[in-house]
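Here the structure comes first, spelled out in structure tokens, and everything after it is commentary.
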Amino acid sequence: MPPPRMLPEPTPETRNFWDGCKAGELRLQRCTDCDGGSYFPPRPFCPRCGSRKVEAYKASGQGVLWSYVINMRPRPDMGTEPYAIAVVKLAEGPQMMTNIVGCPQTPEALVLDMPVKVTFAPQNDDISLPFFEPAGA
Amino acid sequence: MKRKSIAVVGAAETTQMGKIPNVSVIGLHADAALNALADCGLKPSDIDGVATAGISPVDLAHYMGITPTYADGTSVGGCSFMLHVRHAAAAINEGLCNTVLITHGESGRSRVGAGGFGRAASSLAGQFEMPYGPAGPPTMFTVPVLRYLKARGYTVEDLAQVAVIQREWAAKNPRASYKDPITVEDVLKSDMIAWPFTKLMCCLVTDGGGALILTSAERAKDFPQKPVYILGTGESVETPMVSQMEDFTSSKAFRVSGKKAFEESGVSHADVDHLMIYDAFAHLPLYGLEDLGFCKPGEAAGFIKGRNTAPGGKLPLNTNGGGLSYMHSGMYGMYALQESVRQMRGVAPAQVPGAKISIAHGVGGMFAASGTIVFSNEAP
Ligand SMILES: [Zn+2]
């Protein structure tokens, strides 16, 4: 038996994000005190101005493939086939690490700047991971 | 810091290098420390300041029998030792201590008395990176690179070229792990680790260590070795998660640390005779040349391909062979510093004739941190 996939352990400051994933929403945060825009990962204050007046909101789930590597030596909990470790640049600005699903894990299929959209993969009762797939797929 | 006020008077690596199954991590620290003490004719009781990373400065002080009035445990990855040099210089200038021992030791390959890797599942990296399958530095440090290549118009051949030229330097170094010449084709044909990175674009995994001893420039004249003066220093940190780098084509920590070190030192780029850029992977020298201001963005690959950093070139870079061919125990910054000191003493295996100014630039984590030291062998 391969080990179970390494999963996040939410903290009080990130719980809302993971609850969003479970509910099928990609939640980002933004400041209501400055024009700093959206930020990620979640924290209870604005990393640009320090204000605690921040709000979580449902993001579009749209982005582009920003960069990636294809890991040829899979981590034991990730199966046996090579997989891409990707970073997506979200339409709202922040970058996030993810996996790209619904397409071959090859340089030919994974083209930088291709549009992608979020999709949620339940892992257990508490955690759904936000993956991305080619938009239009 | 005060310019030219501090000097390196002792410097040494571990007695053995590469595969050392008979020495533990703390043993490697001690071996390097004893060699550095012998290099400058001091005993442990002469040391009143300690700094290290990986293990605690408490471990180091106790094991060596040192009772310090200054201890620095700054641990920000492989460039920690650049930060230790910087802090030690400030501490000596402030009178906190007189003589500082900085050590590194790591059983990267044999893992004798070494701790495990891993990040807590509740840390930010544990929540927002680890679930997606990164398996150590080869799959994390490399993540920004496809974006960088696209933005700069560079190719995978440009990455391979970095490894090829560093092997030319390694060939001149009897202690280098790999000395046989390689071609761009060899690099591209070596095992694919994490596309587009092949094995020969990734650092070695070895055992080893090194130590430095610093004191005031005034005292430095009384030691057996030629003093190596510290002209300027810089440090910065950016993010514990490579995915959160502000700009995938440039390291903010590199830019801030490098600028600070140049400003402190008062030297210009044209003054620099020798350069070390911590090369955990083949893209690091490209980022480093650009972020330190030696090349404009987009010109670093051509600069390397044009043999400017190769033996005989105008800016000799990573002259020990680097992390790609010399050795890499995990926190390589110490070896970059050691090579700068050797070049300034005039005793490097691949000595740059007449070199007077050397810069050692380090990275910590995956673009997480940076430290830069400007050295000179000319007395204040
Ligand atoms: Zn704000």
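Residue numbers (the numbering used here), protein chains in the order written: chain A, 9 to 145; chain B, 358 to 737.
Don't be surprised by glycine CBs; every beta carbon is placed ideally from N, CA and C.
For clarity, every value in this text was computed on a predicted model and none was experimentally measured.
List the residues of chain B that residue i touches, going by C-beta distances under 9 Å, in chain order.
i         : result
A/Pro-18  : Ser-479 and Gln-484
A/Asn-107 : Pro-488, Tyr-489 and Gly-490
Along chain A, in chain order, which residues have C-beta atoms closer than 7 Å to that of residue i?
i         : result
B/Ala-492 : Asn-79, Arg-81 and Arg-83
B/Thr-496 : Val-77, Asn-79 and Ile-93
B/Leu-503 : Ser-75, Tyr-76 and Leu-120
B/Ser-601 : Looking at the sequence provided, one finds Gln at residue 601 of chain B rather than Ser. Those within 7 Å of B/Gln-601 in chain A are Gln-103.
With residue i as the anchor, note down where its alpha helix (DSSP H) starts and where it stops.
i         : result
B/Lys-546 : 541-546
B/Asn-450 : 437-451
B/Val-698 : 690-702
A/Asn-79  : Careful: A/Asn-79 lies outside any alpha helix (DSSP H), inside the beta strand (DSSP E) at 70-79.
B/Tyr-644 : 641-648
B/His-386 : 382-397
B/Leu-481 : 481-485
A/Lys-61  : A/Lys-61 -> no alpha helix (DSSP H), and no H or E assigned at all.
B/Ser-614 : 609-622
Would you kindly check if the distance between the Cβ of residue j and the Cβ of residue i is under 8 Å?
i         : j         : result
B/Ala-389 : B/Gly-567 : yes
B/Ser-362 : B/Arg-524 : no
A/Leu-15  : A/Ile-135 : yes
B/Met-684 : B/Met-374 : yes
B/Met-487 : A/Met-80  : no
B/Gly-655 : B/Gly-565 : no
B/Leu-632 : B/Leu-694 : no
B/Asp-405 : B/Asn-455 : yes
B/Pro-494 : B/Ala-610 : no
Who are the Cβ neighbours of residue i in its own chain at under 8 Å, not counting the five residues just before and after it?
i         : result
B/Lys-583 : Met-701, Arg-702, Gly-703 and Asn-734
A/Ala-117 : Cys-111
B/Ser-464 : Ile-377, Val-380, Ser-381, Val-382, Leu-385, Gly-470, Ala-471, Asp-564 and Ser-686
A/Ala-64  : Asn-24, Phe-25, Gly-28, Arg-35, Leu-36, Gln-37 and Pro-50
Would you grab the beta carbon distance between residue i and residue j for me? Rounded to a whole angstrom, and I think it's under 8 Å.
i         : j         : result
B/Ala-368 : B/Val-698 : 4 Å
B/Ala-520 : B/Ala-639 : 5 Å
B/Gly-678 : B/Met-439 : At roughly 19 Å, the Cβ-Cβ gap does not stay under 8 Å, so B/Gly-678 and B/Met-439 are not in contact.
A/Asp-85  : A/Pro-12  : 6 Å
A/Thr-5   : A/Pro-138 : Chain A is shown only over 9 to 145; residue 5 of chain A falls outside these bounds and no answer can be derived.
A/Val-62  : A/Arg-23  : Contact doesn't hold; Cβ gap of about 15 Å is too wide.
B/Gly-490 : A/Arg-56  : Between A/Arg-56 and B/Gly-490 the Cβ distance is about 30 Å, and since that is not below 8 Å, they are no contact.
Locate the beta strand (DSSP E) running through residue i, then write down its first and last residues.
i         : result
A/Ser-136 : 136-142
B/His-631 : 631-634
A/Gly-37  : Per the sequence shown, residue 37 of chain A should be read as Gln rather than Gly. Taken as a continuous stretch (DSSP letters only), the beta strand (DSSP E) holding A/Gln-37 covers 35-39.
B/Asp-416 : Note, B/Asp-416: premise wrong, no beta strand (DSSP E); alpha helix (DSSP H) at 414-421.
B/Ile-661 : Taken as a continuous stretch (DSSP letters only), B/Ile-661 belongs to no beta strand (DSSP E), being part of the alpha helix (DSSP H) at 657-662.
A/Phe-128 : 123-130
Starting from the C-beta of residue i, find all residues in its chain whose C-beta is less than 6 Å away, skip the five residues before and the five after it, and write them out in chain order.
i         : result
B/Ala-418 : Val-407 and Pro-425
A/Gln-70  : Ala-99 and Lys-125
B/Lys-617 : Gly-591
A/Arg-160 : Residue 160 of chain A lies beyond the residue range present for chain A, which begins at 9 and ends at 145; the question has no answer from this structure.
B/Ile-570 : Val-366, Gly-367, Ala-393, Cys-397 and Leu-458
B/Gly-777 : With chain B covering only 358 through 737, there is no way to say anything about residue 777 of chain B.
B/Arg-443 : Thr-590 and Glu-592
A/Glu-33  : Lys-66
B/Phe-732 : Val-585, Ser-697, Met-701 and Ser-715
Below 7 Å CB to CB, which residues in the same chain sit around residue i once its five sequence neighbours on both sides are set aside?
i         : result
B/Val-599 : Met-497, Phe-498, Val-500, Pro-501, Met-723 and Phe-724
B/Val-544 : Ala-517, Ala-520, Val-521, Thr-555, Leu-557 and Met-558
B/Cys-652 : Leu-646 and Phe-660
B/Ala-316 : What the structure shows of chain B is the stretch from 358 to 737, and residue 316 of chain B is not part of that stretch, so it cannot be assessed.
B/Tyr-535 : Arg-524, Ala-527 and Ser-682
B/Ala-482 : Arg-476, Pro-597 and Met-598
B/Asn-530 : Asn-677, Gly-678, Tyr-683, Pro-706 and Ala-707
Interface residues of chain A around residue i at Cβ under 9 Å?
i         : result
B/Lys-507 : Ser-75, Leu-120 and Asp-121
B/Ser-748 : Because chain B spans 358 through 737 in this model, residue 748 of chain B falls outside it and cannot be assessed.
Going along chain B, which residues have a C-beta under 8 Å from residue i?
i        : result
A/Gln-70 : Within chain B, no residue comes near A/Gln-70; the closest Cβ sits about 18 Å away, beyond 8 Å.
Which residues in chain B sit within 7 Å of residue i, going by Cβ to Cβ distance?
i        : result
A/Thr-22 : Gln-484
Report the neighbours of residue i on chain A: residues whose CB is nearer than 8 Å to its CB, in chain order.
i         : result
B/Phe-611 : Neighbours of B/Phe-611 on chain A: none; closest Cβ ~18 Å, over 8 Å.
B/Phe-554 : Val-77
#### Entry: Residues with C-beta closer than 6 Å to any heavy atom of ligand 2, in chain order
In terms of ligand content, the structure shown lacks ligand 2 and carries ligand 1 instead.
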